[in-house]
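Numbering (the working numbering), first residue to last: 140 to 283. Ideal Cβ placement from N, Cα and C applies to all residues, glycine included. Just below is one structure, and these are the notes that go with it.
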Ligand code: DGP
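This is the structure:
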């Protein structure tokens with residue numbers, strides 16, 4: 140059912156877009172917003188969300204909006220790579236709770252990966268505060 144439930148305008152990412160909840164932002168324009176994941180699977184774990192519309196996941200996103208949004212996902216991924224110099228970058232996205240989705244506003248994860256450094260669990264590691272996330276976000280911003 141979670142694949143097809145109505146969009147909840149009070150989901151946490153909608154609140155972040157409206158400025159009702161804080162986030163450590165790395166990029167924002169009229170199409171997308173990118174900010175640091177507060178339950179990161181590793182250093183530099185960034186989320187890229189569309190600012191318009193009510194897509195709960197990628198399958199929901201109108202075809203006409205895919206291009207503009209994916210350009211932003213790639214832009215942020217390139218900045219993560221350039222700014223943090225990982226050995227690899229995972230870009231991934233879940234559709235529906237059974238697939239692993241926990242926040243129902245479309246988002247792509249951008250996760251830098253380093254050889255020999257373990258990747259943490261999804262959405263269940265320790266919560267990071269802004270003070271810890273900000274220096275990494277600054278490196279990503281500087282690479283945009
Ligand atoms: P998913 O399971 O794909 O829906 O991922 C949701 C991600 O969002 C997960 O990695 C944890 C993160 N997250 C949850 N709540 C917040 C929040 O309030 N702020 C930020 N920045 N990230 C959050």
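### Residues bridged to residue 185 (per DSSP)
175, 249
### Message
Which same chain residues end up closer than 8 angstroms to residue 160 when comparing Cβ atoms and leaving out the 5 residues on each side of it in sequence?
### Response
151, 154
### Message
If I measure Cβ to Cβ from residue 230 and keep anything under 8 angstroms in the same chain, skipping five residues before and after, which residues do I get?
### Response
212, 216, 247, 248, 249, 250
### Query
residue 260: which of 149, 173, 178 sits nearest, CA to CA?
178
### Query
Where does the unbroken beta strand (DSSP E) through residue 154 begin, and where does it stop?
Segment 151-156 is the alpha helix (DSSP H) holding residue 154; no beta strand (DSSP E) there.
### Message
Please state whether the Cβ-Cβ distance between residue 186 and residue 197 is less than 8 angstroms.
### Response
no
### Message
Distance check for residue 147 and residue 330, CA to CA, integer angstroms please.
### Response
For residue 330 there is no data in the structure shown, the boundaries of the chain being 140 and 283.
#### Entry: For residue 167: DSSP bridge partner residues
172
### Task
Measure the CB-CB distance between residue 181 and residue 275 and report whether it falls below 8 angstroms.
no
### Query
Under the rule that 16 or more other beta-carbon atoms within 10 Å means buried, what is residue 238, buried or exposed?
exposed
### Task
Starting from residue 229, follow the beta strand (DSSP E) in both directions and report where the run begins and ends.
227-231
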